[in-house]
Amino acid sequence: MSVNAPERGRPDRRPPLVLIILGGVGLAVFVIPLAGLLARTPWSALPRLLSGDVVTDALWLSLSTSLAATVIAALIGVPLAWLMARVEFPGRYLVRGLVTLPLVLPPVVGGAALLFALGRRGLIGEPLSEATGLVLPFSTWGVVLANTFVAMPFLVITVEGALRNLDQRFEGAAATLGAGRWTVLRRVTLPMIAPSLVAGLVLTWARALGEFGATITFAGNLQGRTQTLPLAVFVALESDRDTAIALSLVMVAVSLGVLILLRERWWKAL
Amino acid sequence: MPPPDDLFVSAAASLTDAFGEIGSAVEEANPDVRVLLNLGSSASLRQQILEGAPVDVFASADTASMAQIVESGDTATDPEIFARNTMEIALPAGNPARITGLGDFADEELLIGLCAATAPCGVHAREVLENAGVIPSIDSNEPDVRALLNKVGAGELDAGIVYQTDVLSSGDVEGLAIPDDVNVIADYPIAVLVNGSHPMAGSLFVEFVLSEEGQSILNRYGFSSP
Chain A
-16 MSVNAPERGR PDRRPPLVLI ILGGVGLAVF VIPLAGLLAR TPWSALPRLL SGDVVTDALW
44 LSLSTSLAAT VIAALIGVPL AWLMARVEFP GRYLVRGLVT LPLVLPPVVG GAALLFALGR
104 RGLIGEPLSE ATGLVLPFST WGVVLANTFV AMPFLVITVE GALRNLDQRF EGAAATLGAG
164 RWTVLRRVTL PMIAPSLVAG LVLTWARALG EFGATITFAG NLQGRTQTLP LAVFVALESD
224 RDTAIALSLV MVAVSLGVLI LLRERWWKAL
Chain B
655 MPPPDDLFVS AAASLTDAFG EIGSAVEEAN PDVRVLLNLG SSASLRQQIL EGAPVDVFAS
715 ADTASMAQIV ESGDTATDPE IFARNTMEIA LPAGNPARIT GLGDFADEEL LIGLCAATAP
775 CGVHAREVLE NAGVIPSIDS NEPDVRALLN KVGAGELDAG IVYQTDVLSS GDVEGLAIPD
835 DVNVIADYPI AVLVNGSHPM AGSLFVEFVL SEEGQSILNR YGFSSP
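Listed in order, the protein sequences are those of chains A and B. Reading the first sequence from the start, the letters are residues -16 to 253 in the numbering used here. Reading the second sequence from the start, the letters are residues 655 to 880 in the numbering used here.
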């Protein structure tokens, strides 16, 4: 019937037109906002805009807090992932749900919850500040905490998935050959899940770098102390749009670079 | 086609309660109008309008934001001042940090919040502090006055400078008056915009705000009439 019908035995390798159109629209959803940003970018003024002290403060704070959050996530998130993957305990499904919750929760809700728990009048925050004088909200550690809360799930679920897919016979073989549990973990398990671990760490870092809602709700907004790049963009949008665009461009470039690198080198392992 | 009765009103965060009631009153008097309030810092609202948001009415907490809208040609009517407000110190109930006045805003030991310098409440607060000769030790620049009010109300901040009307509207904070000689008066202008699709309903809304009935609602929330 159709002129374009493929000959028998030679399937048409071209993708269906409908999929091309719908997929193209799908891609446009991602590309058009970026194009809008690029179209508004004052390219010649970029060096000046990016060297202002608001920008450098925010950049430095974002880098340090997102890295700190990633380190903390590695220290406590990997053990959590191991427990979830390897230990049968009641309520494991609930734990998995709780760990994944920050991925879907509006970050502002997470920030409010952090405030209720760890604020100066919070459940834990009040005894904490009375005992030690430590007040987390409006401090740089508050930013790190908000980042960790929102970003750590990326590490936990990535590492948990890798551990569950790992062929445990390798670990068993190592143990049979006399390796202690710690040695097995260090010499067999961790190297085998290394690609997923790295992917999880990079995703966690990238998510922490882009954190906004929980940070402004829990840690407030002060240049040099809690004003990270996303907060600086938010404030600059109302006062100095060119700076806001320049900052946005930095975030897009960094995030895109990380994700492309990740995709090429590590995601295949997942 | 969108239903012809959705009236988009962008209003300063400090108008949240008063415009909620005014919106209901306008809807009651005009059953074919539905008022949709878009509340936020006047600076955010201004940016949305400058980027072409289809807003019918803009009510700002400062004349500077409105002036930019006029300059960009986005107003359909001349802005009119419909309310006045002054600033007040907001403290958590019981005043745990024992704040006694603006001078305490310089205390580095205290957690002090202001609105961001871009939001009108932040501009007004900085003017008040400058008038009082106080260089504040700020711990957070909150995006709008409601965000600041909530953090003071929750006791996370020891003090903030908000509108007098906000102290009235919040059950969680107590107010501390700012002396008249350093306080500022915030003028609230309102105008119908060209980008909206319901100029008639927009004019109706503005008329109501300026009417005796609208003014008495605003007065009830602590705004004074111009």
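Ideal placement from N, C-alpha and C gives every residue a C-beta, glycine not left out.
Test item: CB-CB of residue i and residue j under 7 Å
i      : j      : result
A/L212 : A/L230 : yes
B/L745 : B/A713 : no
A/V127 : A/A52  : yes
B/I735 : B/P843 : yes
A/L97  : A/F201 : yes
B/M720 : B/P733 : yes
A/P85  : A/V133 : yes
B/A667 : B/L693 : yes
A/T131 : A/S179 : no
B/F759 : B/V782 : no
B/R688 : B/D659 : yes
B/A855 : B/L690 : no
B/L756 : B/A730 : no
A/F153 : A/V171 : yes
A/V216 : B/A770 : no
B/V863 : B/P853 : no
A/V167 : A/A177 : no
B/A672 : B/L872 : yes
Alpha-carbon spacing of residue i relative to residue j, whole angstroms
i      : j      : result
B/L699 : A/R69  : 51 Å
B/I766 : A/V92  : 23 Å
A/M175 : A/A41  : 37 Å
B/E784 : B/H778 : 10 Å
B/T717 : B/V799 : 17 Å
B/G917 : A/M67  : Not covered by the structure: residue 917 of chain B. The range shown for chain B is 655 to 880.
A/V235 : A/L220 : 16 Å
B/R874 : B/S851 : 31 Å
A/I199 : A/L214 : 7 Å
A/L242 : A/F13  : 14 Å
A/G144 : A/A64  : 8 Å
B/G829 : B/G809 : 14 Å
A/L253 : A/L149 : With a pLDDT of only 43 at A/L253, under the threshold of 50, the placement of this residue in the model should not be trusted, and no figure is reported.
A/G196 : A/G94  : 7 Å
B/I743 : A/I55  : 39 Å
B/G674 : A/L244 : 50 Å
B/K805 : B/A665 : 21 Å
B/F859 : B/G876 : 20 Å
Expected contact under 8 Å - CB spacing of residue i and residue j to nearest Å
i      : j      : result
A/F137 : A/L186 : 4 Å
B/A751 : B/L764 : 5 Å
A/L119 : A/G125 : 4 Å
B/P797 : B/S695 : 6 Å
B/D826 : B/A697 : No, B/D826 and B/A697 are not in contact; Cβ-Cβ is about 25 Å, not under 8 Å.
A/G203 : B/S824 : In fact, because the Cβ distance is near 19 Å, the residues do not count as touching under 8 Å.
B/A707 : B/P774 : No, B/A707 and B/P774 are not in contact; Cβ-Cβ is about 18 Å, not under 8 Å.
B/I792 : A/L205 : 6 Å
Buried/exposed call for residue i, threshold 16 Cβ in 10 Å
i      : result
B/D686 : exposed
A/W188 : buried
A/R246 : exposed
A/Q151 : exposed
B/D820 : buried
A/I228 : buried
B/P833 : exposed
A/T83  : exposed
A/R103 : buried
A/L81  : exposed
A/L10  : exposed
A/F300 : Since the first residue shown for chain A is -16 and the last is 253, residue 300 of chain A is missing from the structure and cannot be characterised.
A/E194 : buried
A/W61  : Rather than Trp, the amino acid found at residue 61 of chain A in this sequence is Val. A/V61 should be labelled buried.
B/P790 : buried
A/A114 : exposed
Bridge-paired residues (DSSP) for residue i
i      : result
B/C769 : B/E796
B/V816 : B/E742
B/N692 : B/S664
B/S878 : B/R738
B/V827 : B/P746
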